[in-house]
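Residue numbers (the numbering used here): 205 to 380.
Every residue, glycine too, gets a C-beta built ideally from N, C-alpha and C.
If you're wondering where the values come from, they're calculated on a predicted model, not measured in any experiment.
Below is one structure, written out as structure tokens; comments come after it.
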């Protein structure tokens with residue numbers, strides 16, 4: 205073998221090794237990010253479970269009645285306003301509270317700022333969990349995706365490179 209052929213083979217081998225290393229590096233990073241995302245989901249689920257255990261409200265039925273009608277994207281102040289307004293609409297549902305004063309005292313005792321803050325925190329945890337679930341990194345890489353990615357890297361680093369070499373050679377030949 206002459207020296208030029210050895211150089212060409214060595215260069216091709218280095219490109220092959222470089223492409224393989226790049227492929228596995230990107231695959232490792234993708235898997236790490238995916239695992240990190242699963243860990244975040246599990247942490248949020250654990251937070252929600254702990255939150256639910258700590259904050260069992262005596263008036264859970266009232267919260268359930270109103271809770272589903274509130275906006276998930278609202279700020280804390282908007283949430284409080286909406287919550288209080290929707291509670292005002294629920295007065296008719298609680299006929300056992302005969303006067304408005306009884307109802308207002310019931311609200312102060314049962315659903316004070318602390319309870320509303322807890323409901324807001326719970327809703328934000330649920331929203332955070334949904335965003336994490338919808339993340340692009342939540343989906344694992346299938347074998348077909350790995351094969352396509354490897355083929356794409358091969359095409360970029362080998363076939364595309366030969367197109368560039370061929371174009372350079374053609375331009376060089378035209379100039380001579």
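| field | Three-state class that DSSP yields for residue 325 in the structure shown | value | helix
| Beta-carbon proximity of residue 361 to residue 219, cut-off 8 Å | yes
| C-alpha gap between residue 336 and residue 236, whole angstroms | Using only the alpha carbons, I get a separation of about 15 Å.
| query | Should residue 214 be labelled buried (16 or more other beta-carbon atoms within 10 Å of its own) or exposed? | reply | exposed
| message | Taking 7 Å as the limit between beta carbons, can you name the residues of its chain near residue 226, skipping five residues before and five after? | response | 357
| field | Option nearest residue 322 by Cα separation, candidates 255, 233, 234 and 371 | value | 255
| task | Could you tell me how far apart the beta carbons of residue 333 and residue 249 are, in whole angstroms, since I believe they sit closer than 8 Å? | result | Their Cβ separation, rounded to whole angstroms, is 7 Å, which keeps residue 333 and residue 249 in contact under 8 Å.
| message | Once DSSP output is grouped into helix, strand and coil, what is the label at residue 380? | response | coil
| field | Helix, strand or coil at residue 374 [DSSP, three-state] | value | helix
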